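Engineer: The listed protein sequences derive, respectively, from chains B and Z.
Oh and the first sequence: position 71 is 99 in this note's numbering, straight run, nothing missing.
Oh and the second sequence: position 83 is 111 in this note's numbering, straight run, nothing missing.
What follows is a single structure, and I will ask about it in a moment.
2 protein chains.
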Amino acid sequence: MRATTIHAPGDIRFEEVPDPTIEEPTDAIVKVVAGCICGSDLWPYRGENPVRAGSTIGHECVGIVEEVGSAVSSTRVGDFVIVPFCHCDNTCAHCVAGVQSACTNLGMTQSGQGEYARVTQADGSLVATDGMPDDHLIPSLLALSDVMATGWHAAVAAGVRPGGTAVVVGDGAVGLSGVLAAAQMGAERVIAMSRHESRQEIARAFGATDVVAERGEEGEAIVAELTRGVGADAVLECVGTDAAMSTAFAVARPGSTVGFVGVPHGVEPPVRRMFQKNIGLAGGVAPVRRYLPDLLERVLSGAIDPGRVFDLTLPMSEAAEGYRAMDERRAIKVLLQP
Amino acid sequence: MRATTIHAPGDIRFEEVPDPTIEEPTDAIVKVVAGCICGSDLWPYRGENPVRAGSTIGHECVGIVEEVGSAVSSTRVGDFVIVPFCHCDNTCAHCVAGVQSACTNLGMTQSGQGEYARVTQADGSLVATDGMPDDHLIPSLLALSDVMATGWHAAVAAGVRPGGTAVVVGDGAVGLSGVLAAAQMGAERVIAMSRHESRQEIARAFGATDVVAERGEEGEAIVAELTRGVGADAVLECVGTDAAMSTAFAVARPGSTVGFVGVPHGVEPPVRRMFQKNIGLAGGVAPVRRYLPDLLERVLSGAIDPGRVFDLTLPMSEAAEGYRAMDERRAIKVLLQP
Chain B
29 MRATTIHAPG
39 DIRFEEVPDP
49 TIEEPTDAIV
59 KVVAGCICGS
69 DLWPYRGENP
79 VRAGSTIGHE
89 CVGIVEEVGS
99 AVSSTRVGDF
109 VIVPFCHCDN
119 TCAHCVAGVQ
129 SACTNLGMTQ
139 SGQGEYARVT
149 QADGSLVATD
159 GMPDDHLIPS
169 LLALSDVMAT
179 GWHAAVAAGV
189 RPGGTAVVVG
199 DGAVGLSGVL
209 AAAQMGAERV
219 IAMSRHESRQ
229 EIARAFGATD
239 VVAERGEEGE
249 AIVAELTRGV
259 GADAVLECVG
269 TDAAMSTAFA
279 VARPGSTVGF
289 VGVPHGVEPP
299 VRRMFQKNIG
309 LAGGVAPVRR
319 YLPDLLERVL
329 SGAIDPGRVF
339 DLTLPMSEAA
349 EGYRAMDERR
359 AIKVLLQP
Chain Z
29 MRATTIHAPG
39 DIRFEEVPDP
49 TIEEPTDAIV
59 KVVAGCICGS
69 DLWPYRGENP
79 VRAGSTIGHE
89 CVGIVEEVGS
99 AVSSTRVGDF
109 VIVPFCHCDN
119 TCAHCVAGVQ
129 SACTNLGMTQ
139 SGQGEYARVT
149 QADGSLVATD
159 GMPDDHLIPS
169 LLALSDVMAT
179 GWHAAVAAGV
189 RPGGTAVVVG
199 DGAVGLSGVL
209 AAAQMGAERV
219 IAMSRHESRQ
229 EIARAFGATD
239 VVAERGEEGE
249 AIVAELTRGV
259 GADAVLECVG
269 TDAAMSTAFA
279 VARPGSTVGF
289 VGVPHGVEPP
299 VRRMFQKNIG
309 LAGGVAPVRR
319 YLPDLLERVL
329 SGAIDPGRVF
339 DLTLPMSEAA
349 EGYRAMDERR
359 AIKVLLQP
């Protein structure tokens, strides 16, 4: 098959690679209908994570089940499925506790930007739609494989509650999804920290009541004013840098929690502030499977339209251009079609 | 009056200092009936925190109200009161949210190891008993001014729930109080990490079902075994060192929370583990006032006997010996009488 690969920082190709095959009886092979590029794919692209030359890249996709292993029972060939980026058996102690991203049989999609993807623990991982979804729903369903569920997780970890104030640090696709999640959970005030006009627009469409374009101490002062000096009831940190974390803790009220979902790079939580102000830190790799049934219902009912984060669609053969567009922030998130 | 003072690391004196006076109309002066030495007093004693030569030391006490300011209405002269180490108005946004330790009018007891102590925000801070308590209750009431409430806060922050497994890292008076708190909250299994026999004994009396004497990786492996490889549902970090924090995160199950109440010294939370395993960190300075009414009821009903952590009682004039005894771990916690 053909799939997107990375050979070195900045070197993205779409080329022939071996077809994925059923390796374990619990596996399934999914024919990819749509994949996409994640903010975290930019870490190796920018050389900030190690690269294994020639390996496939991409962990988000939706598609049609092409083949299943002998132990797969609930997933059927021909099903249209959402593939959570982290695969899980959904039966181990951690899955039962709602932490599917720490499953004892954890797997991860390896070629979501390719023609086919292998899914381990297919029965535990995959969620199928009832029949083939309309084309216009594909972007929103694809968003559930990672970005929307990750934004949702940030809101859950931060303890967003009806009537409260939530601040979202980060205006990437995850941050925007976090805005949507906080609004869905009933936050009365959702403050999006964003300085890019196109992103501000989506944030507002997703339910942001306020947008703060300023960064650092200036932005923190504005949020302090918006929250009457008390601070936010819940803060979603959706970047993963130390600066974003610092802002998150600066705007969080005493007793609140910073929910973090940006893969941390050089982050040092401000322990003394956490201690003095009783501000907690929670979150991590999103247990996508946990949220999928609920999020799927919200998409199908039209309650949410998370596919709006895709502002560029390209054929997979132009994946390299998709990476460039995201790296240069010309695109928020790129959808790739086989 | 006479009070315990610190002049330099290791230099504790009991000497004449100016009497505390009503400085604000919301103040009260309390005649100390009993004070005590806190594990956190050992930081300056050991030179690990800066020392202002000649300043009074001690933030835990109970006593009788001697004088009140003109704006004090609910606290009366003659009341026997528990003095929470952090004073609060109990009406600001943070107090109302249950974070009295971040009160906008925060104060702190300055001469709890002296004959008199000034309490700011007396109405918000002080909790009086109904009449004079029996002498035998004094140690347990004194424990409510900090250590028991702090252990309780660790259990609350860690999310201890009925039927779960709680691990307590640290066998100082706070850790032992944490064991008592976890047991009171209905944890089915309370694992105390303690290598000192006298502390193990109190831990068991307080409700520990298991005691792990080993430290570091060895101790972590034993807890892993005790929790069938899953990890603990809740972990109380009651020390404040990086080693204790590291053990806390090592034994916490994915999706759980480490509740920390030990004043952090050189602590670097393991961010990557937190992220990968979705283990949160919450806690901080205990909002003592929040827990006081409930804890007082538990002491008066005989449900808890937190005063057991005091294994040495001295006159205040021998405070220096009390510090030595705690520094050398000859005593768990020292009660001082004026």
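Note that beta-carbon positions come from the ideal geometry of N, C-alpha and C, so glycine has one too.
All figures in this text were calculated on a predicted structure; none of them were measured in a lab.
What residues of chain B sit near Z/Glu296, judged by a beta carbon separation below 9 angstroms?
Structural biologist: Start at 1 with the first residue of the second sequence, and residue 296 of chain Z comes out as number 268. Under the 9 angstroms cutoff, chain B gives Glu296, Pro297, Val299.
Engineer: List the residues of chain Z that B/Leu363 touches, going by C-beta distances under 7 angstroms, in chain order.
Structural biologist: Reading the first sequence from its first residue, position 335 is the one you call residue 363 of chain B. By Cβ distance, chain Z contributes nothing, its closest Cβ being about 26 angstroms from B/Leu363, past 7 angstroms.
Engineer: CB-CB under 6 angstroms to B/Gly140, same chain, minus the five flanking residues each way: which ones, in chain order?
Structural biologist: For the purposes of this step, residue 140 of chain B is taken as the residue at position 112 of the first sequence. Answer for B/Gly140: Gly63, Gly86, His87, Glu88, Cys89, listed in chain order.
Engineer: Quick one: complete beta strand (DSSP E) runs, 3+ long, within the segment 245-316 of chain B?
Structural biologist: With a minimum length of 3 residues, the continuous beta strand (DSSP E) runs that stay inside the segment 245-316 of chain B are 260-265, 280-288, 308-311.
Engineer: Please list, in chain order, the chain Z residues whose beta carbon lies closer than 7 angstroms to that of B/Ala125.
Structural biologist: Indexing the first sequence from 1 puts residue 125 of chain B at position 97. In chain order: Gly283.
Engineer: With a threshold of 6 angstroms on Cβ separation, who are the neighbours of Z/Gln228 within its own chain once the five nearest residues in sequence on each side are excluded?
Structural biologist: Counted from its first residue, the second sequence places residue 228 of chain Z at position 200. Contacts found: Ser222, Val239.
Engineer: For Z/Asp355 and Z/Arg232, what's the separation of their Cα atoms in angstroms?
Structural biologist: As a first step, residue 355 of chain Z must be located in the second sequence, where it is residue number 327. As a first step, residue 232 of chain Z must be located in the second sequence, where it is residue number 204. So the alpha carbons of these two residues sit roughly 24 angstroms apart.
Engineer: Taking DSSP's pairing of strands, which residues face B/Gln365 in a bridge?
Structural biologist: Residue mapping note: residue 365 of chain B aligns to position 337 of the first sequence, counting from 1. Per DSSP, B/Pro343.
Engineer: With 8 angstroms as the threshold, decide whether the Cβ of B/Gln304 is near any Cβ in chain Z.
Structural biologist: Counted from its first residue, the first sequence places residue 304 of chain B at position 276. Output row for B/Gln304: interface = yes.
Engineer: Given that a residue counts as buried once 16 or more other Cβ atoms are within 10 Å of its Cβ, and exposed if not, what is Z/Arg146?
Structural biologist: Here residue 146 of chain Z is taken as the residue at index 118 of the second sequence, counted from 1. Answer is buried; the Cβ neighbour count reaches 16.
Engineer: First and last residue of the beta strand (DSSP E) that includes B/Met221?
Structural biologist: In the first sequence, counting from the first residue as 1, residue 221 of chain B sits at position 193. That run of the beta strand (DSSP E) goes 217-221.
Engineer: I need the straight-line Cα distance from B/Val251 to B/Gly259, nearest angstrom please.
Structural biologist: As a working note, residue 251 of chain B is residue 223 in the first sequence. As a working note, residue 259 of chain B is residue 231 in the first sequence. B/Val251 and B/Gly259: Cα-Cα distance of roughly 7 angstroms.
Engineer: Can you look up B/Arg30 in the DSSP assignment and give me helix, strand or coil?
Structural biologist: Position 2 of the first sequence holds residue 30 of chain B. DSSP places B/Arg30 in strand when its eight states are reduced to three.
Engineer: Note down, in chain order, each residue of its chain lying with its Cβ closer than 6 angstroms to the Cβ of B/Gly91, except the 5 sequence neighbours on either side.
Structural biologist: Taking the first sequence and counting its residues from 1, one reaches residue 91 of chain B at position 63. Answer for B/Gly91: Val58, Lys59, Val60, Val61, listed in chain order.
Engineer: Nearest to Z/Gly283 by alpha carbon, out of B/Asp107, B/Asp333, B/Gly312, B/Ile65?
Structural biologist: Position 255 of the second sequence holds residue 283 of chain Z. The residue with the shortest Cα to Cα distance from Z/Gly283 is B/Gly312.
Engineer: Whose C-alpha, out of B/Asp55, B/Thr32, B/Thr54, is nearest the C-alpha of B/Pro46?
Structural biologist: Taking the first residue of the first sequence as position 1, residue 46 of chain B is located at position 18. Minimum Cα distance to B/Pro46 is reached at B/Thr32.
Engineer: B/Val175 to B/Phe303, Cα distance in whole Å?
Structural biologist: Within the first sequence, numbered from 1, the residue matching residue 175 of chain B stands at position 147. Within the first sequence, numbered from 1, the residue matching residue 303 of chain B stands at position 275. In a straight line, the C-alpha of B/Val175 is about 31 angstroms away from that of B/Phe303.
Engineer: B/Val219 and B/Val195: beta carbons closer than 8 angstroms?
Structural biologist: To locate residue 219 of chain B, count along the first sequence from 1; it is residue 191. To locate residue 195 of chain B, count along the first sequence from 1; it is residue 167. Contrary to the premise, residue 219 of chain B reads as Ile rather than Val in this sequence. The answer is yes: Cβ separation under 8 angstroms.
Engineer: Per the DSSP calculation, Z/His164 is bridged to which residue(s)?
Structural biologist: Taking the first residue of the second sequence as position 1, residue 164 of chain Z is located at position 136. DSSP, once it has assigned bridges, lists no residue as partnering Z/His164.
Engineer: In whole angstroms, what is the alpha-carbon distance linking B/Glu346 and B/Thr178?
Structural biologist: For the purposes of this step, residue 346 of chain B is taken as residue 318 along the first sequence, with counting starting at 1. For the purposes of this step, residue 178 of chain B is taken as residue 150 along the first sequence, with counting starting at 1. Looking at the two C-alpha atoms, the distance is approximately 26 angstroms.
Engineer: Would you mind sorting B/Pro315 into buried or exposed? The rule is 16 or more other CB atoms within 10 Å of its CB.
Structural biologist: Locating residue 315 of chain B in the first sequence gives position 287, counting from the first residue. B/Pro315 is buried by the Cβ-count criterion.
Engineer: Quick one: what does DSSP say Z/His230 is sitting in, helix, strand or coil?
Structural biologist: Taking the second sequence and counting its residues from 1, the one referred to as residue 230 of chain Z is at position 202. As written in the sequence, residue 230 of chain Z is Ile, which differs from the His given in the question. Correct three-state label for Z/Ile230: helix.
Engineer: Closer than 6 angstroms by C-beta to Z/Glu216: which residues in its own chain qualify, once you throw out the five before and the five after it? Chain order, please.
Structural biologist: For the purposes of this step, residue 216 of chain Z is taken as the residue at position 188 of the second sequence. Here the set comprises Gly191.
Engineer: According to DSSP, which residues form a beta bridge with B/Cys114?
Structural biologist: As a first step, residue 114 of chain B must be located in the first sequence, where it is residue number 86. Answer by DSSP bridge pairing, in chain order: B/Met136.
Engineer: Could you pull the DSSP bridge partners for Z/Val196 from this structure?
Structural biologist: Here residue 196 of chain Z refers to the residue found at position 168 when the second sequence is read from its first residue. DSSP lists Z/Ala220, Z/Leu264 as partners of Z/Val196.
Engineer: In the DSSP assignment, the alpha helix (DSSP H) including Z/Gly152 goes from what residue to what residue?
Structural biologist: Along the second sequence, one-based indexing puts residue 152 of chain Z at 124. Element bounds for Z/Gly152: 150-153.
Engineer: Is the beta carbon of B/Ala56 sitting closer than 8 angstroms to the one on B/Leu154?
Structural biologist: Residue mapping note: residue 56 of chain B aligns to position 28 of the first sequence, counting from 1. Residue mapping note: residue 154 of chain B aligns to position 126 of the first sequence, counting from 1. Against a cut-off of 8 angstroms, the Cβ pair of B/Leu154 and B/Ala56 comes out as a contact.
Engineer: Is the shortest distance between the beta-carbon of B/His115 and the beta-carbons of chain Z less than 8 angstroms?
Structural biologist: Taking the first residue of the first sequence as 1, we reach residue 115 of chain B at position 87. No, because no Cβ of chain Z sits closer than 8 angstroms to the Cβ of B/His115.
Engineer: Ordered along the chain, which non-local residues of its own chain (more than five positions away) have a Cβ less than 7 angstroms from that of B/Met136?
Structural biologist: On the first sequence, position 108 is the one that residue 136 of chain B refers to. Taken in chain order, the residues that qualify are His87, Phe113, Cys114, His115.
Engineer: Determine, for B/Pro167, whether the minimum Cβ-Cβ distance to residues of chain Z falls below 8 angstroms.
Structural biologist: Here residue 167 of chain B corresponds to residue number 139 of the first sequence, with the count starting at 1. No, no contact with chain Z.
Engineer: Out of Z/His164, Z/Tyr351, Z/Pro334, which one is the CA nearest neighbour of Z/Val202?
Structural biologist: Along the second sequence, one-based indexing puts residue 202 of chain Z at 174. The shortest Cα separation from Z/Val202 among Z/His164, Z/Tyr351, Z/Pro334 belongs to Z/Pro334.
Engineer: Looking only at DSSP bridge pairs, what is B/Tyr144 linked to?
Structural biologist: Residue 144 of chain B sits at position 116 when you count from the first residue of the first sequence. For B/Tyr144, which the question treats as bridged, DSSP gives the partners B/Lys59.
Engineer: Could you confirm whether any beta carbon from chain B is found closer than 8 angstroms to the beta carbon of Z/Gly203?
Structural biologist: Residue numbering aside, residue 203 of chain Z sits at position 175 when the second sequence is read from its first letter. False, the Cβ-Cβ gap to chain B never drops below 8 angstroms.
Engineer: Could you tell me the distance, in whole angstroms, from the CA atom of Z/Gly67 to the CA atom of Z/Val96?
Structural biologist: Your numbering for residue 67 of chain Z matches position 39 in the second sequence. Your numbering for residue 96 of chain Z matches position 68 in the second sequence. When rounded, the distance between both Cα atoms is 30 angstroms.
Engineer: Scan the segment 61-107 of chain Z and note each continuous beta strand (DSSP E) run of 3 residues or more that stays entirely inside, going in chain order.
Structural biologist: Those beta strand (DSSP E) runs which fall completely within the segment 61-107 of chain Z and span 3+ residues are 88-96.
Engineer: Looking only at its chain, what residues have a beta carbon closer than 7 angstroms to the beta carbon of B/Thr84, apart from the 5 residues adjacent to it on each side?
Structural biologist: As a position in the first sequence, residue 84 of chain B is number 56, starting the count at 1. Cβ neighbours of B/Thr84 beyond the five flanking positions: Ala31, Thr32, Thr33, Val45, Gln138, Ser139, Gly142.
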